[in-house]
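Read the structure below first, then the notes.
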Amino acid sequence: MALIRERLTHMLHQAVKDLLLESGIQNEEDLKVELEIPKISDHGDYATNTAMTLTKVLRRNPREIAQAVIDRMEGRDELLARVEIAGPGFVNFFVRPDAWGEVLKDIHEKADAYGVQNLGRGKRVQVEFVSANPTGPLHIGHGRGAAIGDVLANILRACGYQVDKEYYINDAGKQMQTLGRSLYLRYLEALGVPIDFPDDHYRGDYMKDLAREVLDREGDRYKDVPEEEALPFFTRYAGDRILDGIREDLEAFGVQHDIWFSEQSLHDAGEVQRTIEALERAGYIYEQDGAKWFRSTAFGDEKDRVVVRANGMTTYFAADLAYHKNKYERNYETVIDIWGADHHGYVPRMTAGVQALGRKASDLRIILVQLVNLLRGGKPVAMSTRAGEFVTLREVVDEVGKDAARFIFLTRRSDSPLDFDLEVAKMQSNDNPVYYVQYAHARLCSVFQVAREKGVACSWDVPPDLSPLHQPKELELMKLLGEYPQVVASAAEQLEPHRIPYYLSDLVSCFHSYYNQNRILGEDEALTQARLYLAAAVRMVLRNALGLLGVSAPEKM
RNA sequence: GCGCCCGUAGCUCAGCUGGAUAGAGCGUCGGACUUCGAAUCCGCAGGCCGCAGGUUCGAAUCCUGCCGGGCGUACCA
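All the letters of the first sequence, read from the start, carry residue numbers 0 to 556 under numbering that gives the first Met the number 0.
See below:
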């Protein structure tokens with residue numbers, strides 16, 4: 000049994016199709032119909048503006064079209080109590096109250112898989128996120144990108160895409176040398192050798208910690224080794240250890256990448272060179288002032304970009320081109336990059352790059368994540384990266400918990416800047432939406448606990464009679480539960496994970512309100528069974544949605 | 001200068017692929033625990049959707065111009 004929304008959409012779609020055929024029009028584009036939930040309940044459970052959008056094609060007035068559409072909706076009486084034409088030409092649908100129970104049966108039947116669908120049809124998608132340079136610990140801005148990337152990937156998986164989560168390690172180039180040298184100098188310092196620590200080196204305390212670690216493990220064996228000989232060890236050591244730390248911090252944050260991809264491996268395999276050659280053959284490379292330029296202006300970038308400098312070194316951008324070429328060679332149909340918004344200037348050149356490599360611009364989707372302002376009690380926390388004074392992601396997770404941190408990162412559109420207040424994140428109140436949602440789940444678990452203690456049946460081979468559910472709040476809950484798959488689908492299509500937390504807040508708000516004015520476990524056995532069945536469905540959806548967010552669904556709190 | 005993002009209630013933000021009377025949380029004020037969890041609920045108040053034009057049956061949403069804030073404008077990584 001299909002869900003209410005799907006059935007109605009289908010019915011409407013057929014009716015519009017018939018109407019267009021009768022009028023001799025066969026235009027697929029005019030056939031898309033959309034159902035919205037009106038803001039005002041007097042306007043029905045669902046409404047469509049399709050009659051208005053059809054006025055231009057059919058050249059008739061919208062209310063007439065609306066009537067014609069309604070007349071062609073077959074089997075509407077089974078599902079609908081009433082259909083109205085309203086305002087300039089809206090069609091408002093009032094679902095039969097007894098039809099909503101189908102939603103609950105559907106949820107019980109699908110259980111964990113409720114919300115899972117097959118929009119993607121197995122299409123391979125890669126989500127690349129975090130990809131912070133392995134030169135220091137992750138900070139809170141990386142956390143936001145991590146949460147968004149991780150959850151977006153989860154959502155796409157739930158929608159039938161075959162998704163890999165990938166981390167690009169910038170382990171090549173001068174910054175790694177600088178990193179190694181920073182460690183080397185701290186090592187000497189720890190041995191009591193006077194050093195001069197340059198400003199452009201990595202000054203954070205974590206480098207001193209690492210230096211002590213090297214000292215413990217290796218003793219003073221590098222003390223008298225010439226710098227050029229010692230550096231490779233220190234570079235590799237620093238890079239590996241910092242990357243380990245990043246991995247651990249992500250793990251503590253609930254994020255696991257499937258693939259860790261090394262930039263150096265592209266250089267080692269000659270892929271950077273090959274990519275430049277491929278672009279040369281395609282005619283997108285020219286030489287000027289001793290450098291090789293990529294003609295990104297051919298695809299709308301504001302200027303061309305250097306890929307090989309006059310000194311013969313390839314640029315970072317060249318490696319990025321090779322990396323993206325490599326992604327498509329690994330057969331990803333769509334590649335999603337999650338970048339800090341401070342990199343937005345790179346979007347046109349990267350988009351140009353994938354097109355020059357023979358892909359559609361839309362094969363690369365870039366999500367820009369705005370910066371995070373870290374606050375404590377409303378006051379900004381100093382965040383100077385160079386001085387190494389930043390608050391790390393790990394510190395934030397340790398202080399406020401992974402659930403609160405993730406939820407807060409996700410409760411905002413990614414292109415909106417985010418104020419992250421450590422005190423608010425720790426508050427166990429409604430200031431903090433994560434507890435509001437988790438509390439509902441714990442509450443429901445508690446109800447089931449009590450039910451079991453009282454010996455009330457609360458698992459069902461066959462659905463109970465749902466006719467006792469007819470209160471407005473009960474119908475509203477069922478309707479909201481029925482919207483969940485649609486919410487997941489739209490989050491996937493629009494690449495907007497924040498839709499899930501907002502949906503959860505709505506659902507939970509409705510539930511809490513209902514809970515406060517009704518008892519689930521009561522004298523009336525039939526009513527109790529029906530309400531428990533509803534409650535179980537709410538709990539199921541909460542679990543599924545929180546699972547997508549990587550936020551726990553506690554039984555007690 | 002040019003480019004991108006943002007400007008919605010006192011605060012933090014949804015709504016933006018055009019739809020009917022613009023929403024939520026916080027904060028203020030006032031109510032609800034002998035009951036399955038009060039980390040909850042109920043109610044009151046709060047708006048020229050930055051400003052000005054345009055597009056059309058209809059604009060917070062699309063277009064143009066301004067104002068204000070953030071970011072970016074390398075043969076750096």
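Beta carbons: idealized from backbone N, C-alpha and C, even for Gly.
Here the structure is a predicted model, which means the values were calculated and not measured.
Report the option in 73, 62, 94 whose CA atom is closest to the CA atom of residue 88.
62
Residue 136 and residue 469: beta carbons closer than 8 Å?
no
Measuring only the C-alpha atoms, how far is residue 534 from residue 72?
34 Å
How about the stretch 48-64 and the stretch 99-119: do they share at least three Cβ pairs that are nearer than 8 Å?
no
For residue 339, which beta-bridge partners are listed by DSSP?
368
Looking only at C-alpha atoms, which of 159, 198, 21, 446 sits nearest to residue 120?
159
Among 503, 230, 522, 185, which has the Cα closest to the Cα of residue 453?
522
Spatially closest choice to residue 414 from 314, 434, 370, 47, by CA coordinates
370
Closest by CA to residue 536, which one among 516, 479, 491, 550?
479
Three-state secondary structure (DSSP) of residue 63:
helix
Run through DSSP, which three-state label would residue 138 get?
strand
Are the Cβ atoms of residue 271 and residue 309 separated by less than 8 Å?
no
Helix, strand or coil at residue 87 according to DSSP, with G and I counted as helix:
coil
Residue 337: buried (16+ other C-beta within 10 angstroms of its C-beta) or exposed?
buried
Please determine, among 340, 401, 443, 157, the residue with the shortest C-alpha to C-alpha distance to residue 144.
340
So, helix, strand or coil for residue 432, using DSSP?
helix
Using only CA atoms, which one of 69, 294, 363 lies nearest to residue 326?
363
Closest residue to residue 123 among 296, 334, 304, 173 (Cα-Cα distance):
334
Under 8 Å between C-beta atoms of residue 467 and residue 526:
yes
If residue 94 and residue 78 are in contact, beta carbons under 8 Å, what's the gap, nearest whole angstrom?
6 Å
Simplified DSSP state of residue 635, which is helix, strand or coil:
This structure does not reach residue 635, given that the chain is present from 0 up to 556, and the question cannot be answered.
Proximal residues to residue 578 (C-beta, below 8 Å), its chain only, five neighbours per side dropped:
Residue 578 lies beyond the range of the chain shown here (0 to 556); nothing can be said about it.
Sorted by chain position, which residues of the same chain lie with C-beta nearer than 6 Å to residue 298's C-beta, five sequence neighbours on each side aside?
351, 354
Presumed contact (8 Å Cβ cut-off) between residue 392 and residue 138, rounded CB distance
6 Å
My output table needs one value for residue 408: the three-state DSSP class, helix, strand or coil.
helix
DSSP beta-bridge partners of residue 284:
293
Label residue 251 either buried or exposed according to how many other C-beta atoms from any shown protein chain fall within 10 Å of its C-beta, with 16 as the threshold for buried.
exposed
Would you mind listing the alpha helix (DSSP H) stretches within the stretch 466-513 that are 4+ residues and don't spill past its ends, in chain order?
471-493
Residue nearest to residue 436 in terms of C-alpha spacing, selected from 396, 204, 505, 372
505
Look at the Cβ atom of residue 503, then the Cβ atom of residue 544, and state whether they are nearer than 8 Å.
yes
Residue burial classification, residue 262 (beta-carbon count within 10 angstroms, cutoff 16):
buried
Quick check: residue 439 and residue 510, are their CB atoms within less than 8 Å of each other?
yes
Does the stretch 163-174 come into contact with the stretch 205-225, if we say contact requires no fewer than three beta-carbon pairs (one atom in each stretch) closer than 8 Å?
no
Tell me whether the beta-carbon of residue 75 lies closer than 8 Å to the beta-carbon of residue 82.
yes
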